[in-house]
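Okay, structure first, notes after.
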Amino acid sequence: MRCIAVITLLLAPSLAFAHGGFGQGTPFFSGVMHVLLSIPVLLPLIASGLFASQRGRGMVSKAQLVLPMLIALGAALALSGVDWGWLITANLVAVIVLAVLVATAVSLTDRGVLTVIGLVGALAGYALLRSDMPDDAVVWFVTGAMLGAMIVQGGVAILALLARAEWARIGVRVVGSWIAAIGVIYLGFSLA
1 MRCIAVITLL LAPSLAFAHG GFGQGTPFFS GVMHVLLSIP VLLPLIASGL FASQRGRGMV
61 SKAQLVLPML IALGAALALS GVDWGWLITA NLVAVIVLAV LVATAVSLTD RGVLTVIGLV
121 GALAGYALLR SDMPDDAVVW FVTGAMLGAM IVQGGVAILA LLARAEWARI GVRVVGSWIA
181 AIGVIYLGFS LA
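Per the numbering used here, residue 1 is the first one in the sequence shown, and the count goes up by one each step.
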């Protein structure tokens, strides 16, 4: 029986669409929960927290300031009315690139790190909004998403900073490679 269910979902992926509609709570709460439950938004936040933590506490603080502003910018792009549909694919590609940067522990300047985190934040912000959202709820939704993003990125970064052992730093890089793999799989399914 389980095999039939799996085959059905593989042959008809629209049946597995698990993206709830807007309105299961306040717009602010929906924004926070969307960040926590949406893979295209959650993966870049985890990766950006790990990436910032590889550069130390100062970079984590700077990333916490840059990320929410660029998420708001990405959400504004989504509201502009221009068809930027290719940015959803660009978001997944950016997740993969950022995760590879984490996995390889590439050393960039502070400006380079913040640019990468900002770009990923803007793309994640674009991926946040849906067309079924009422206009009066957008500001609260995006505000909730910005707070959720800060919590996820900051929490991941703090956990990574607290890990002082050599094996833990290697573990951060391994998580980066897992995020890259998940991103590749998700990108493959989104292009299918």
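Beta carbons: idealized from backbone N, C-alpha and C, even for Gly.
As the structure is a computational prediction, the values presented were derived from the model and not from experiment.
Do you know whose CA, among the options, lies nearest residue i's CA?
i, options, result
"LEU36", "VAL116, GLY176, VAL152", "VAL152"
"ARG173", "GLY81, LEU101, ALA145", "LEU101"
"ALA76", "TYR126, THR104, VAL95", "TYR126"
"VAL116", "GLY171, ALA137, LEU50, VAL138", "LEU50"
"ALA192", "SER38, MET133, THR89, VAL41", "THR89"
"VAL95", "LEU119, VAL60, TRP86", "LEU119"
"LEU43", "VAL138, VAL175, SER53", "VAL175"
"SER177", "LEU147, ALA105, ALA163, LYS62", "ALA105"
"LEU108", "GLN54, TRP140, GLY188, TRP86", "GLN54"
"ALA103", "ALA165, PHE189, ALA52", "ALA52"
Identify whether residue i lies in helix, strand or coil by the three-state DSSP scheme.
i, result
"LEU108", "coil"
"GLY56", "coil"
"SER61", "helix"
"SER177", "helix"
"ASP135", "helix"
"SER38", "coil"
"VAL156", "helix"
"LEU161", "helix"
"ALA47", "helix"
"GLY20", "Note on GLY20: pLDDT 49, under 50, position unreliable in the model; the coordinate value appears next. GLY20: coil per DSSP, three-state reduction."
"ALA124", "helix"
"THR89", "helix"
"TRP140", "helix"
Please report the distance separating the alpha-carbon of residue i from that of residue j.
i, j, result
"VAL113", "ALA157", "14 Å"
"ARG169", "ALA160", "8 Å"
"VAL184", "ALA47", "14 Å"
"PHE22", "ARG111", "Only weak support exists for where PHE22 lies, its pLDDT of 48 falling under 50; the value from the coordinates is given anyway. Cα to Cα, the separation comes out at about 37 Å."
"ILE179", "GLY81", "31 Å"
"MET69", "MET59", "16 Å"
"ASP136", "VAL93", "31 Å"
"GLY155", "LYS62", "14 Å"
"VAL41", "ALA124", "5 Å"
"GLY25", "MET133", "13 Å"
Are the C-beta of residue i and some C-beta of chain B separated by less than 8 Å?
i, result
"ALA181", "The displayed structure is made up of one protein chain only, and chain B is not part of it."
Among the residues of its own chain, which have a CB less than 7 Å from the CB of residue i, if the five just before and after it don't count?
i, result
"THR143", "PHE28, GLY31"
"GLY148", "GLY31, VAL32, VAL35, LEU36"
Less than 8 Å between C-beta atoms, sequence neighbours within five positions excluded: which residues of the same chain meet that for residue i?
i, result
"TRP84", "LEU77, ALA78, TYR126"
Could you round the C-beta distance between residue i and residue j to whole angstroms and report it? I think they count as a contact, below 8 Å.
i, j, result
"LEU67", "MET150", "7 Å"
"ALA145", "ILE39", "With 8 Å as the limit, ALA145 and ILE39 do not qualify as a contact, their Cβ atoms being about 15 Å apart."
"GLY171", "ALA181", "The Cβ separation is near 15 Å, so there is no contact."
If I measure Cβ to Cβ from residue i and keep anything under 6 Å in the same chain, skipping five residues before and after, which residues do I get?
i, result
"LEU73", "ALA122"
"LEU129", "ALA75, ALA78"
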